[in-house]
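Asks: When we follow numbering that gives the first Met the number 0, the leftmost residue of the sequence shown carries the number 0, and every step to the right adds one.
Each residue gets a CB set at the ideal place from its N, CA and C atoms; glycine is no exception.
Bear in mind that the values here come from a model prediction, so they are computed numbers and not experimental data.
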Amino acid sequence: MDVVTLAKRFVNSCGINWPVREIFRTEKAQEAVYDPKRKEFRVNTEKIFLQANLLEMPMEDYLVLVLCHKIGQYLDPDYEEAARNIHKMFRFLQEFAGIESELLEAVMQREQRAENFGEQFVPARLLAAYHNVEQKNLCLAKQRTEIEIIEFKQKCRRMAVSDADKEYYGME
């Protein structure tokens, strides 16, 4: 059975009747995505297989662990507001020095809440593995956020240089 079908079955078994679609290469490189705007979950088949293999666990079990976290995001009543606040912090990162630590803390809290909400769906036999995967997820979320902050700062610097060049050459 394919990953998307397995994911649909698991999500439905948790009482959530949202569609599950496959992530395509042009989207984020995460194993799965909870998209409240589209009211759907998306899974990255390649990433699921790769990570399950790296963790030396059955793909089906790893998929369940990943989906439990995404369901945790779905159940978190503060998730969307936290996501909006994080987005705002990224937008204003260049203007407010020191916001990086606040942004990082907000991301980590959001991920921890998703883990806590998702834990209720984890089969007992996978609970230890879930906590192990979630610890790795927290580390990856931190690294991903730190990288996004650096990339954002670089983009802002390029834009500032570009604006300065335009002003210097009288192009505005």
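1) Return the residue from the list A82, G71, R90 and D75 that minimises the CA-CA distance to Y129.
2) Go ahead and label R124 buried or exposed: buried means 16 or more other beta carbons lie within 10 angstroms of its beta carbon, across all protein chains shown.
3) What's the C-alpha gap between R109 and Y78?
4) Could you check what DSSP says for F23 in three-state terms: helix, strand or coil?
5) Since A6 and F40 are thought to touch, with beta carbons under 8 Å apart, how far apart are those beta carbons, to the nearest angstrom?
6) May I ask which residues mark the beginning and end of the beta strand (DSSP E) holding L32?
7) Anyone know if the C-beta pair for C155 and V121 falls short of 8 Å?
8) Please check the pair I148 and L102, which I expect to be a contact at CB under 8 Å, by giving their CB distance rounded to whole angstroms.
9) Looking only at its chain, what residues have a beta carbon closer than 7 Å to the beta carbon of E114, apart from the 5 residues adjacent to it on each side?
10) Let me make sure I understand the geometry here. Which of F151, R8 and F23 has the alpha-carbon closest to that of H86?
11) Could you tell me the boundaries of the beta strand (DSSP E) in which R41 lies?
12) Does D1 come out as helix, strand or coil in the three-state DSSP assignment?
13) Please report how far the alpha carbon of V42 lies from the alpha carbon of A31, in whole angstroms.
14) Look at the alpha carbon of A51 and the alpha carbon of D60, and state the distance between them as a whole number of angstroms.
15) Could you compute how far the alpha carbon of N16 sits from the alpha carbon of Y33?
Replies: Let's see:
1) Minimum Cα distance to Y129 is reached at G71.
2) Per the 10 Å Cβ criterion, exposed.
3) 7 Å
4) coil
5) 7 Å
6) The question names Leu, yet the displayed sequence has Val at residue 32. Unbroken beta strand (DSSP E) run through V32: A31 to D34.
7) no
8) 7 Å
9) The answer, listed in chain order, is H68, G71 and E133.
10) F151
11) E39 to V42
12) coil
13) 4 Å
14) 8 Å
15) Rounded to whole angstroms, the gap between the alpha carbons of N16 and Y33 is 13 Å.
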